[in-house]
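Novice: Everything in the sequence shown is counted per the numbering used here, starting at 4 for the first residue and increasing by one.
Glycine included, each C-beta is placed from N, C-alpha and C at the ideal position.
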Amino acid sequence: MRTVDLLVIGGGSAGMAAAIQAKKEGINDILIVERDENLGGILNQCIHNGFGLTEFKEELSGPEYLARFVSQVEELKIPYMTSSMVIDMTREKIVTISSKKEGVFKIKAKAIVMATGCYERGAGAIQIPGDRCSGIITAGTAQKYLNIHGYLCGKRVVILGSGDIGLIMARRLTLEGAKVICVSEIMPYSNGLNRNIAQCLNDYNIPLYLSRSVSKVIGKDRLEKVILSAVDEKMQFIPGTEMEIECDTLILSVGLIPYISLLDYIDCPTSSTKGAKVNEHMETMIEGIFSAGNCLHVHDVVDFVTDEGRLAGHGAAEYLKGEFKRGEKIVVTPKDGISYVVPQEINKDNEEDVTFKFRVRKPVKDVNLIIESNGELVAKMFKPVLIPSEMVMVKLSKDKLANVDKEVSLRLEER
Ligand SMILES: Cc1cc2nc3c(=O)[nH]c(=O)nc-3n(C[C@H](O)[C@H](O)[C@H](O)COP(=O)(O)OP(=O)(O)OC[C@H]3O[C@@H](n4cnc5c(N)ncnc54)[C@H](O)[C@@H]3O)c2cc1C
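(1) Rounded to whole angstroms, what is the Cα-Cα separation between Q146 and D206?
(2) Can you list, in chain order, the residues of its chain whose CB lies under 7 Å from that of I50, leaving out five sequence neighbours each side?
(3) When you compare the CB positions of V345 and V281, do they come within less than 8 Å of one another, or not?
(4) Beta strand (DSSP E) containing G3: first to last residue?
(5) Is it the case that the CB of A118 approaches a heavy atom of ligand 1 more closely than 7 Å?
(6) Just how far apart, CA to CA, sit C250 and C185?
(7) Can you tell me whether V107 is buried or exposed, with buried defined as 16 or more other CB within 10 angstroms of its CB?
(8) Kindly provide the ranges of any beta strand (DSSP E) runs that are 3 or more residues long and lie completely inside the region 125-183, ordered along the chain.
(9) Which residue comes first and which comes last in the beta strand (DSSP E) that contains S375?
(10) At a threshold of 7 Å, does H152 count as lining ligand 2 (C-beta to nearest heavy atom)?
(11) By the three-class DSSP mapping on this structure, what secondary structure does N205 have?
(12) By Cβ distance below 8 Å, which residues in the same chain neighbour E354 in space, the five residues on each side in sequence not counted?
(13) Got a sec? Which residues, its chain only, sit under 6 Å from Y268 by beta carbon, not counting five neighbours each side?
(14) To the nearest angstrom, how far is it from the Cα of D306 to the Cα of P242?
(15) If I'm right that I425 touches V217 with Cβ under 8 Å, what's the distance once you round it to whole angstroms?
(16) When the distance is taken between beta carbons, is L259 closer than 8 Å to T485?
(17) Alpha carbons only, please: which of L255, K360 and D310 is nearest the one belonging to G164?
(18) Which value, in whole angstroms, describes the spacing of the CA atoms of I110 and I90?
(19) Considering only C-alpha positions, which residue in the set I97, L42 and A22 is nearest to M4?
(20) Do three or more CB pairs link the region 284-301 to the region 110-122 at distances below 8 Å?
(21) Could you work out which residue in C156, V234, N31 and K409 is closest to G330 when comparing CA atoms only?
(22) Quick one: is the Cβ of A17 within less than 7 Å of any heavy atom of ligand 1?
(23) With distances taken between CB atoms, is the gap from V73 to L42 smaller than 8 Å?
(24) In angstroms with no decimal places, state the Cα-to-Cα distance between N52 and T85.
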């Protein structure tokens with residue numbers, strides 16, 4: 004059987020960053036396996052700009068951002084296989100690959116970085132009432148059709164969900180000549196970045212309806228109309244609030260979910276992010292298997308995906324070199340107002356600062372972020388505004404970590 008020191012599954016931003024970091028730290032036997040024809044992942048279809056503000060202090064398009072990492076992979080001579088999909092995996096790190104060029108074969112790795120990205124929630128997941136007609140499509144698929152294959156998915160479009168992909172598609176479809184009638188959002192606030200609301204909706208006079216969702220789709224073969232209704236605090240439709248909109252396309256931008264089916268094969272524990280549970284090295288609860296990027300938790304900004312990929316690559320390199328410090332485990336828990344925290348565990352003997360990444364449950368203003376261990380305050384930080392669509396990062400220095408024992412929690416406190 005073929006062997007490799009480090010196998011990276013997925014050649015998107017997270018996977019490339021992990022491989023590059025591991026190579027820079029002296030790991031020479033690496034293989035990136037990517038199921039698409041090219042490296043780069045979702046960024047290949049993101050032709051809008053807004054990438055790389057932190058990483059390069061420049062505003063790049065998706066393809067420009069990914070090209071900088073593909074050239075590093077090439078310069079460092081990191082082997083990669085495209086049109087090759089990992090279809091099975093064991094706890095012993097034996098993976099089965101189905102490759103267009105080489106057929107189906109197995110490879111045994113000493114360490115693995117999982118960087119398989121995420122998938123979109125579709126119509127089935129949100130159970131829209133009404134006819135089962137064509138013309139209902141997810142935002143990422145509509146983006147791929149348009150930006151990669153050159154097909155416009157419709158002419159009169161309603162977008163459901165105000166996440167970033169939905170907002171970006173509202174602008175993109177408008178620029179290509181479609182009429183985007185509105186964006187409808189079930190929550191009382193948008194789930195997209197503020198800059199995308201300004202640049203993708205306000206600049207094109209596209210209305211955003213909050214607390215409103217699709218109560219019915221109508222169409223014999225192709226979509227003809229959608230009914231939008233207001234919802235109450237319990238997300239129930241309010242009778243008498245129906246708006247009938249004639250359209251031929253309904254675009255769904257209703258959430259992304261980490262793509263971790265391979266980890267299911269090995270019973271890898273998961274967290275509330277729906278990705279794997281990890282420690283501060285981005286190592287899952289299975290030794291030597293690491294995870295980073297959107298398959299760990301869905302990110303809004305690619306620069307942070309790149310950073311997380313590097314962290315996983317660093318962790319994998321230390322693991323392979325036998326330099327990994329494992330001590331008593333500290334459990335990290337999200338409490339009041341916080342929906343999740345990554346990592347979920349820290350090794351007590353860790354000698355590096357730890358960055359906690361988290362999201363809040365709802366928009367809040369003027370709050371304190373409290374980090375405590377066994378009821379004792381470890382750190383307190385003022386946060387003027389926190390919104391669910393923006394991932395928050397806070398660094399806890401190793402000196403502060405020395406005061407933490409067995410458990411640490413993060414919560415919000417009103418001032
Ligand atoms: C539509 C959209 C717009 C965005 N806009 C912005 C923006 O304006 N600015 C910004 O900073 N960020 C933006 N982001 C966020 C950012 O681009 C992504 O979070 C980031 O690129 C994700 O990187 P990743 O490596 O985790 O996942 P991906 O890029 O999805 O890469 C995962 C890779 O794994 C491969 N793969 C999956 N399973 C397997 C398998 N079994 N075997 C082999 N390969 C596999 C996939 O083919 C894919 O190439 C946007 C994201 C999306 C979806």
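Specialist: Based on what the coordinates show:
(1) Computed Cα separation, rounded: 20 Å.
(2) Only S64, G65, P66 and N150 meet the Cβ criterion.
(3) Yes.
(4) Outside the shown range of the chain (4 to 418) lies residue 3, about which nothing can therefore be said.
(5) Relative to ligand 1, the nearest heavy atom lies less than 7 Å away from the CB of A118.
(6) Answer to the nearest angstrom: the Cα atoms are 10 Å apart.
(7) Taking a 10 Å sphere around the C-beta of V107, we find fewer than 16 other C-beta atoms and assign the residue as exposed.
(8) Every unbroken stretch of the beta strand (DSSP E) spanning 3 or more residues and falling wholly within the region 125-183 is given here in chain order: 139-141 and 159-163.
(9) It is worth fixing the name first, because residue 375 is Glu in this sequence and not Ser. Counting along the chain, the beta strand (DSSP E) containing E375 begins and ends at V367 to S376.
(10) Looking for ligand 2 in the displayed structure turns up nothing; the ligands present are ligand 1.
(11) Of the three classes helix, strand and coil, the one that applies to N205 here is helix, per DSSP.
(12) Here E354 has K328 and K401 as same chain residues with Cβ atoms under 8 Å from its own Cβ, once five neighbours each way along the sequence are excluded.
(13) The answer, listed in chain order, is M92.
(14) If I take the Cα positions, the gap works out to 44 Å.
(15) Limits of the chain in this structure are 4 at one end and 418 at the other, which puts residue 425 out of reach.
(16) Shown here, the chain extends from 4 to 418; a query on residue 485 therefore has no answer.
(17) In terms of Cα proximity to G164, the closest of L255, K360 and D310 is L255.
(18) Taking C-alpha positions only, I110 is separated from I90 by approximately 12 Å.
(19) Residue nearest to M4 within the set I97, L42 and A22 is I97 (criterion: CA-CA distance).
(20) Cβ pair count under 8 Å is three or more, so yes.
(21) Across the set C156, V234, N31 and K409, the C-alpha of K409 shows the shortest separation from the C-alpha of G330.
(22) Checking every heavy atom of ligand 1 against the Cβ of A17, one is found closer than 7 Å.
(23) In this structure, L42 lies closer than 8 Å to V73 by Cβ.
(24) So the alpha carbons of these two residues sit roughly 26 Å apart.
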